[in-house]
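Under the UniProt record's numbering, residues 1 to 439 are what the sequence shown spells out, in order.
Positions of the beta carbon are idealized from the N, C-alpha and C atoms, including for glycine.
All remarks here apply to the structure that follows.
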Amino acid sequence: PACVSGGKRQTDQVKVPRRVSTKGLWAGVQRRIPCLRWLPKYNFKEDFVSDIISGLTVGVMMIPQSMAYGTLAGLDAAHGLYTSFFSAIFYFLFGTSRHNSVGVVAVTSMMAASTRYRLAPYDFDYYPRYYRTPHWTTHRQKLWQLLPFLQKSITLIHVPAGFLAVLISDQVSAAFTSAVALHVFTAQVDKLLKVKVGRYSGPGKLVRIYYDFFCNIKSTHIPTMGMSLISCAVLYVIKYHVSPICSKKYLKGIQIPVDMILILIYSIFLGKTRSIPTPEFPKLSVVSHTLIDGFTLAIVIYCISISLAKIFAKRFSYKVDPEQEFFALGITHVLCSFFACVPPSAAMARSSVLIGSGGRSQVIICISVFKLLTTMLFQLCSVIAACVVLAVIFLISPLLRALPQVWSLEALANSLALVSTPFLFSAYWLLSSLWLYAI
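Here it is, written out as structure tokens:
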């Protein structure tokens, strides 16, 4: 007989688990790997041609930009290419945004570089010395680069922070995107004229960059300036005047890939190939020294990516899953950490070009990375800068149109906020001083 405990049979207290149906299991797999849900429904007839053109355009743009940001992170330019290659593939599998272009970006490159310089100040003071170091030293320096975002990746996977997207309203997303656009624009200004500017960080960074720019504007490289002006003029005329007319009358909705055509014209004789690295497990011996840096990178990357995803989703009338985006970014960083990558994030500049060239889905990214990344390596800073500058300007222009309306409706509130801000900081400084004095 069954044992009795508390007047009830012990067998009655055992809960039998529900049977997991095949349909429910498949739905769970599709939720974690969204491409299994939307890829079978992909409309090849209407979207494939546009995605091919946009994918080629983004791929051509991605290569020199990735090389530049890889160098900005204190690594060899090839590591920027590895980042764009692998992160795009992994986000294609796990991401929910149709228009986010995930790869190496300037903000995360600079943040990761600051961590590396802090951990190895002597190895990175001079780039020529870095390029002459032995293989084992280079490998050790790669590991220092991997550790911050490896820890951040583990945090992204295990902490269910999708609720953070609720705190990011449309106004916050627009403001954040506009601020990122200003930084992206500033990062391209010196390349338009080939003017030397210093590398700065912290408060007043943009002011110091523009100060260097205008102080050294006399040293403008005339051929580069001419190439930039011609590129901007051609891009503006064809993309925003000729292409809309041709798209409606002759091309049945397909945009002219003027970005790709322009870059290929300038770079057709500069191609070369490079191999893909073998995966290596990163060392975890100095995680304790990079934990705070990794957490900071995690927050910054998630805020940038989800802000862009929400703006694009609202513009093109579809939905993104914040929790799945959190998981997608986390698993992307973990997998990229095995290939000596820079911390990847959604890139505003590439996403803008992706949309401007008529892209409609993540199939674009597959085309760009598989078709171009392993076969073409070239540097065309001025042409890329022209593409990025125009794309950024036309991306944030809808966000800036609402400013006159907001000002006319809330002029008094804005004025009060502007006047009260210095007093708020003064009060904060006074309270901080009193607190330190009390201690």
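Starting from Ala-78, follow its DSSP beta bridges and name the residues at the other end. Within the sequence shown, residue 78 is the residue found at index 78, counting from 1. Per DSSP, none; premise fails for Ala-78.
So who's on the other strand from Ser-345, going by DSSP bridges? As a first step, residue 345 is located in the sequence shown; it is residue number 345 there, counting from the start. Beta-bridge analysis with DSSP links Ser-345 to Gly-103.
Use the C-beta contact count for Ile-292: other C-beta atoms within 10 angstroms, 16 or more gives buried, fewer gives exposed. On the sequence shown, residue 292 is found 292 positions in, with the first residue counted as 1. Counting C-beta atoms within 10 angstroms of its own C-beta, Ile-292 has fewer than 16 neighbours from the protein chains shown and is therefore classed as exposed.
Identify, in the order they occur along the chain, each residue of the same chain with its Cβ nearer than 6 Å to the Cβ of Arg-208, setting aside the five sequence neighbours on each side. For the purposes of this step, residue 208 is taken as the residue at position 208 of the sequence shown. Setting aside the 5 residues that flank it on each side, Arg-208 is surrounded in the same chain by Tyr-200, each with a C-beta closer than 6 Å to its C-beta; the list follows chain order.
When the Cα of Cys-341 is compared with those of Met-348, Tyr-318, Ser-361, Tyr-69, which residue comes out closest? As a first step, residue 341 is located in the sequence shown; it is residue number 341 there, counting from the start. When each option's Cα is compared against that of Cys-341, the closest is Tyr-69.
Measuring alpha carbon to alpha carbon, tell me which residue in Phe-94, Gly-204, Leu-72, Ala-309 is nearest Ala-328. Indexing the sequence shown from 1 puts residue 328 at position 328. Nearest of Phe-94, Gly-204, Leu-72, Ala-309 to Ala-328, Cα basis: Phe-94.
Please return the same chain residues whose Cβ sits closer than 8 Å to the Cβ of Arg-350, not counting the five positions on each side in sequence. Position 350 of the sequence shown, counting from 1, holds the residue named residue 350. Within the same chain, Arg-350 has close Cβ partners Val-58, Met-61, Met-62, Gln-65, Ser-101, Gly-103.
State the Cα-Cα distance for the pair Cys-336 and Ser-87, rounded to the nearest angstrom. Along the sequence shown, read from residue 1 onward, the residue named residue 336 stands at position 336. Along the sequence shown, read from residue 1 onward, the residue named residue 87 stands at position 87. Rounded to whole angstroms, Cys-336 to Ser-87 spans 6 Å at the Cα level.
Gln-362, buried or exposed, once every other Cβ within 10 Å from all chains shown has been counted against 16: On the sequence shown, residue 362 is found 362 positions in, with the first residue counted as 1. When all chains shown are included, Gln-362 counts as buried.
Following a CB-centred definition, is Ser-357 positioned closer than 8 Å to any heavy atom of the ligand NAP? Of ligands this structure carries none, so the ligand NAP is not represented either.
In angstroms, rounded to a whole number, what distance separates the CA positions of Gly-195 and Ser-345? On the sequence shown, position 195 is the one that residue 195 refers to. On the sequence shown, position 345 is the one that residue 345 refers to. Here residue 195 is Val; the residue named in the question, Gly, does not match the sequence. So the two alpha carbons sit approximately 27 Å from each other.
Which word fits Cys-215, buried or exposed, when buried means at least 16 other C-beta atoms lie within 10 angstroms of its C-beta? If you number the sequence shown from 1, residue 215 lands on position 215. Answer is exposed; the Cβ neighbour count stays below 16.
Terminal residues of the continuous alpha helix (DSSP H) containing Tyr-302? Position 302 of the sequence shown holds residue 302. 287-316 is the extent of the alpha helix (DSSP H) around Tyr-302.
Assigned secondary structure, His-333 (DSSP; H/G/I helix, E/B strand, else coil): Residue 333 sits at position 333 when you count from the first residue of the sequence shown. Looking at His-333 - three-state DSSP - the assignment turns out to be helix.
Can you grab the Cα-Cα spacing for the pair Thr-332 / Ala-112, in whole Å? Taking the first residue of the sequence shown as position 1, residue 332 is located at position 332. Taking the first residue of the sequence shown as position 1, residue 112 is located at position 112. Rounded to the nearest angstrom, the two C-alpha atoms are 17 Å apart.
Should Leu-182 and Thr-220 be called a contact, given that it needs their Cβ atoms to be closer than 9 Å? On the sequence shown, residue 182 is found 182 positions in, with the first residue counted as 1. On the sequence shown, residue 220 is found 220 positions in, with the first residue counted as 1. No, these two residues do not count as a Cβ contact at 9 Å.
Take Gly-24 and list the residues in its own chain whose beta-carbon comes closer than 8 Å to its own, dropping the five residues that flank it on each side. On the sequence shown, residue 24 is found 24 positions in, with the first residue counted as 1. There are no such residues.
Within 10 angstroms of its Cβ, does His-241 collect 16 or more other Cβ (buried), or is it exposed? The sequence position of residue 241 within the sequence shown is 241, counting from 1. Its Cβ having fewer than 16 others within 10 Å, His-241 is exposed.
Reducing DSSP to helix, strand and coil, say where Thr-220 ends up. As a working mapping, residue 220 is identified with position 220 in the sequence shown. Coil.
On a CA-only basis, which of Ala-298, Tyr-211, Cys-303 is nearest Ala-175? Give me that one, please. Looking up residue 175 in the sequence shown gives position 175. It is Cys-303 whose Cα lies nearest to the Cα of Ala-175.
Would you mind stating whether Thr-96 and Val-300 have Cβ atoms separated by less than 9 Å? As a working note, residue 96 is residue 96 in the sequence shown. As a working note, residue 300 is residue 300 in the sequence shown. Going by C-beta atoms, Thr-96 is not nearer than 9 Å to Val-300.
Can you name the start and end residues of the alpha helix (DSSP H) that Ile-238 belongs to? Within the sequence shown, numbered from 1, the residue matching residue 238 stands at position 238. Run containing Ile-238: none; DSSP gives neither H nor E here.
With Tyr-211 as the anchor, note down where its alpha helix (DSSP H) starts and where it stops. Here residue 211 refers to the residue found at position 211 of the sequence shown. Counting along the chain, the alpha helix (DSSP H) containing Tyr-211 begins and ends at 205-215.
Whole-angstrom C-beta distance between Gly-358 and Ser-84, which should lie under 8 Å: In the sequence shown, the residue the question calls residue 84 occupies position 84. In the sequence shown, the residue the question calls residue 358 occupies position 358. Contact flag wrong, Cβ pair sits at about 21 Å.
Go ahead and pull the three-state DSSP assignment for Gln-188. On the sequence shown, position 188 is the one that residue 188 refers to. Helix.
Check this for me: beta carbons of Val-29 and Leu-36, under 9 Å apart or not? Along the sequence shown, read from residue 1 onward, the residue named residue 29 stands at position 29. Along the sequence shown, read from residue 1 onward, the residue named residue 36 stands at position 36. Yes.
Drop a sphere of 10 angstroms on the beta-carbon of Arg-116, count the other beta-carbons inside from all chains shown, and report buried for 16 or more, exposed for fewer. Within the sequence shown, the letter at position 116 stands for residue 116. By the 10 Å Cβ count, Arg-116 comes out buried.
Kindly say whether Pro-282, judged by its beta-carbon, lies nearer than 9 Å to any beta-carbon of chain C. Absent from the structure: chain C. Only one protein chain is present.
Assumed close pair Ile-52, Ile-367 - CB separation to whole angstroms, cut-off 8 Å: By one-based count along the sequence shown, residue 52 stands at place 52. By one-based count along the sequence shown, residue 367 stands at place 367. Right, their Cβ atoms sit about 6 Å apart.
Can you tell which of Leu-75, Ile-265, Arg-118 has the C-alpha that lies nearest to the C-alpha of Val-234? Walking along the sequence shown from the start, residue 234 turns up at place 234. When each option's Cα is compared against that of Val-234, the closest is Ile-265.
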